[in-house]
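Notes for the one structure printed next.
Protein chains in written order, with this note's numbering: chain V, 19 to 304; chain G, 19 to 304.
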C-alpha cells in the first residue's frame with residue numbers, strides 16, 4: 019500500500035492509474051478508522067480497480083473551540099486497517115500542503131449547509147465541501163464513498179456534485195452500528211463505558227420513533243417530542259431532533275413517504291449524531 | 019465546428035477527445051465576440067489539439083439592475099467568428115440546463131472578490147468563479163484562456179485554480195485594443211460615437227500615469243488623483259481607480275516594482291474597465 023503525503027504525489031498516483039484505463043474509488047475520512055470506514059473501503063474495492071483512502075483531519079471544518087486538536091489521530095493504526103479494508107493508497111497530507119497561504123477559496127452549498135448541524139457548526143459544511151471538492155479534483159476519482167451516518171453531509175455533497183458538474187459518482191452506504199446500535203464514529207473513542215450505555219439511547223429513540231410512525235403516527239412534533247424526552251431521560255443533552263424530507267432536508271409537520279429523523283446530542287462533552295430513513299406506505303390511514 | 023447545447027453533450031465531446039490523448043484549450047466567454055476573444059482562441063489553437071469556445075451569458079454574475087437582459091447576444095455572428103478563430107466546438111447552453119433547480123452551490127474566492135469591481139458588483143465574482151469551475155469540470159480542459167482586460171477576474175481565477183487543485187493551466191493574455199486604445203469589450207457596442215471618443219480617455223489616462231511613474235513618481239495617491247481628474251474632464255463618471263500590488267490586489271501607498279492600475283468608469287450608462295501593469299526598475303531614485 020502506497021502512502022501519499024503531498025498533492026503532487028496524489029496527482030501522480032491517480033494519473034498513472036487512469037492512464038492504464040483503471041478506475042479509482044475514493045474514501046475520504048478523517049482517520050481513526052472504524053467499521054463504518056471499512057464498509058466503505060470494501061464497497062469501493064468491489065466497484066473499482068483501485069481504492070484511495072484519504073486520512074486528513076480537516077481544520078476548515080472545525081470551528082474555534084471544537085475538537086480539532088483532540089480529534090483522535092493514529093496513522094499507524096489507520097494504515098493497518100486500510101490494508102485490511104483493501105486500500106491501495108492512503109493520502110495523508112499535512113495541513114499546510116492542503117491549504118497553502120494565502121488560502122482563499124471555498125465551496126459552499128447554500129441553504130442545506132445552514133440547517134441541522136449547520137446551526138451550531140456554522141462554517142462546518144463549507145469546510146467539508148471545500149476539502150471534498152479538492153479531493154475530487156486531485157484524485158479525479160470515478161466514485162466516492164460516504165457513510166449515511168453523516169446524513170446531512172451526504173445530501174450536501176450530492177448537491178455539490180450535481181451543481182458543480184463533478185464527474186465523480188456518489189455512493190452513500192448504510193450506517194454501521196456497534197453492539198447495542200451505537201452508530202460507529204471516531205468520536206466514540208471519547209466516551210466512557212457509562213457514556214456508551216447512555217449513547218445507545220440515541221439509536222433506541224430512533225427505533226421507537228419508527229415503531230410509532232409505522233403504527234400510524236404522522237405528526238412530526240409528536241415524534242420529535244417523544245425522542246427528545248427519551249434522550250433527556252438517558253441523560254443526554256439534545257442539540258436537535260429534526261424530522262424532515264430526505265432530499266431538501268426541509269422540516270416537515272406531517273410525516274410523508276420518505277422521511278428522515280436526524281439527531282444530534284451531547285453525551286458529556288462528546289457530540290454524537292445519528293439518523294434513520296423511514297419509509298412509510300401510502301396505505302396507512304392518516 | 020460542433021455546436022454543443024447541453025452539459026451532457028459537452029462531457030461526451032471532451033471525453034472523446036481525451037480518450038484519443040489529445041488536449042483541449044478552453045476559452046470561456048459571454049459571446050458577442052471581439053478581437054480580444056479571437057486572440058484567446060488563436061493562442062488556444064497554437065497550444066492545444068482542440069479549442070472549445072463557450073458562449074454563455076451567465077446570469078449568476080449579474081446583479082439585479084445590471085445588464086443581464088440587454089447584454090449583446092448573437093450566436094450566429096459568434097459561430098462565424100469562432101470559425102475564424104479556429105474553435106473546434108462551441109458550448110452554448112441554456113441557463114436552465116446550467117443551473118437546474120434547486121441550484122445551491124457556489125465557489126467563492128474570499129477577500130479578492132470583495133474589492134475593486136467587487137465593491138459595486140457584490141456577488142459578481144462568486145458567479146464568475148462558479149461558472150468557470152463548472153466549465154473546468156465539464157470540459158476537463160488542459161488549458162484555459164482569459165484576457166488581462168478583466169485583470170481582477172484573472173487573479174481570482176488563478177487563486178481558485180491553485181486553492182481548489184484544478185488541474186487546468188491558466189493563460190492570461192494581453193489586452194487587445196481598438197483604434198485609439200479603447201480596450202476591446204462586448205459592452206463597447208453600447209457606446210455612441212461620441213461616447214467612444216470619451217472612453218478613449220481611460221487608456222490615455224493609464225498611459226499618462228505610466229509616463230509619470232516611469233518619470234519617478236511613486237506616490238500612489240498622486241497618480242490616482244491625476245487619473246481621476248483626467249477621466250472627469252473627459253466626462254466620465256469614475257467608479258474606482260486602484261493602484262495596487264499585482265498578486266494580492268492590495269492597494270499600495272508607494273508604487274513598487276509590480277504595480278497595476280485598474281480603472282472602472284461609467285460612460286453614460288455603460289460601465290467600462292481597463293488596467294495596466296507597470297514595471298519599474300529598482301534604479302529610479304525615490
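We treat Cβ as the ideally placed atom computed from N, Cα and C, and that holds for glycine.
A quick note: this is a predicted structure, and the numbers were derived from the prediction, not measured.
Neighbour list for residue i in chain G, Cβ cutoff strictly below 7 Å
i: residue 156 (chain V); result: 183
i: residue 178 (chain V); result: 123
Proximity of residue i and residue j at Cβ, strictly below 7 Å
i: residue 29 (chain V); j: residue 35 (chain V); result: no
i: residue 267 (chain V); j: residue 133 (chain V); result: yes
i: residue 157 (chain V); j: residue 32 (chain V); result: yes
i: residue 151 (chain V); j: residue 188 (chain G); result: no
i: residue 273 (chain V); j: residue 282 (chain V); result: no
i: residue 107 (chain V); j: residue 70 (chain V); result: yes
i: residue 245 (chain V); j: residue 223 (chain V); result: yes
i: residue 127 (chain V); j: residue 123 (chain G); result: yes
i: residue 261 (chain V); j: residue 241 (chain V); result: yes
i: residue 90 (chain G); j: residue 204 (chain G); result: yes
i: residue 167 (chain G); j: residue 201 (chain G); result: yes
i: residue 288 (chain V); j: residue 221 (chain V); result: no
i: residue 177 (chain V); j: residue 285 (chain V); result: no
i: residue 184 (chain V); j: residue 172 (chain V); result: no
i: residue 174 (chain V); j: residue 130 (chain V); result: yes
i: residue 210 (chain G); j: residue 115 (chain G); result: no
i: residue 77 (chain V); j: residue 113 (chain V); result: yes
Option in the options with minimal Cα separation from residue i
i: residue 51 (chain G); options: G:69, G:32 and G:73; result: G:73
i: residue 162 (chain V); options: V:90, V:287, V:99 and V:44; result: V:44
i: residue 198 (chain V); options: V:191, V:213, V:218 and V:180; result: V:218
i: residue 21 (chain G); options: G:49, G:110 and G:38; result: G:110
i: residue 67 (chain G); options: G:88, G:37 and G:294; result: G:37
i: residue 297 (chain V); options: V:279, V:286, V:179 and V:194; result: V:279
i: residue 54 (chain G); options: G:235, G:180 and G:196; result: G:196
i: residue 170 (chain V); options: V:77, V:265, V:60 and V:255; result: V:265
i: residue 190 (chain G); options: G:295, G:246, G:78 and G:145; result: G:295
i: residue 144 (chain G); options: G:81, G:59 and G:118; result: G:81
i: residue 252 (chain V); options: V:99, V:215 and V:142; result: V:215
i: residue 46 (chain V); options: V:83, V:139, V:155 and V:140; result: V:155
i: residue 275 (chain G); options: G:284, G:285, G:257 and G:228; result: G:228
i: residue 101 (chain V); options: V:112, V:19 and V:208; result: V:19
i: residue 94 (chain V); options: V:140, V:49, V:250 and V:173; result: V:49
i: residue 125 (chain G); options: G:88, G:255, G:149 and G:139; result: G:149
i: residue 235 (chain V); options: V:299, V:78 and V:60; result: V:299
i: residue 105 (chain G); options: G:75, G:118, G:117 and G:61; result: G:61
i: residue 159 (chain G); options: G:65, G:113 and G:142; result: G:65
i: residue 271 (chain V); options: V:255, V:259 and V:238; result: V:238
i: residue 142 (chain V); options: V:59, V:247 and V:85; result: V:85
i: residue 88 (chain G); options: G:263, G:97, G:256 and G:206; result: G:206
Under 9 Å by beta carbon: chain V residues contacting residue i
i: residue 152 (chain G); result: 181, 182 and 183
Neighbour list for residue i in chain G, Cβ cutoff strictly below 9 Å
i: residue 127 (chain V); result: 122, 123 and 124
According to DSSP, residues forming a beta bridge with residue i
i: residue 285 (chain V); result: V:288
i: residue 258 (chain V); result: V:282
i: residue 237 (chain G); result: G:272
i: residue 294 (chain G); result: G:279
i: residue 46 (chain V); result: V:72
i: residue 20 (chain V); result: V:107
i: residue 263 (chain V); result: V:277
Within chain V, the residues that residue i reaches when beta carbons sit closer than 7 Å
i: residue 25 (chain G); result: 183
i: residue 130 (chain G); result: 122
Neighbour flag for residue i against chain A, beta carbons, 7 Å
i: residue 145 (chain V); result: As a matter of chain content, chain A is missing from the structure shown, whose protein chains are V and G.
* Identify every run of the alpha helix (DSSP H) within the stretch 105–158 of chain V, keeping only runs that are complete inside it and at least 4 residues long; order them along the chain. => 113–116, 135–138 and 142–157
Report task. List in chain order: all unbroken alpha helix (DSSP H) runs of 4+ residues lying wholly within the stretch 53–113 of chain V. Result -> 53–65 and 93–103
Check: Can you give, in chain order, each stretch of the alpha helix (DSSP H) that sits fully within the stretch 144–225 of chain G and has at least 4 residues?
Finding: Those alpha helix (DSSP H) runs which fall completely within the stretch 144–225 of chain G and span 4+ residues are 169–182.
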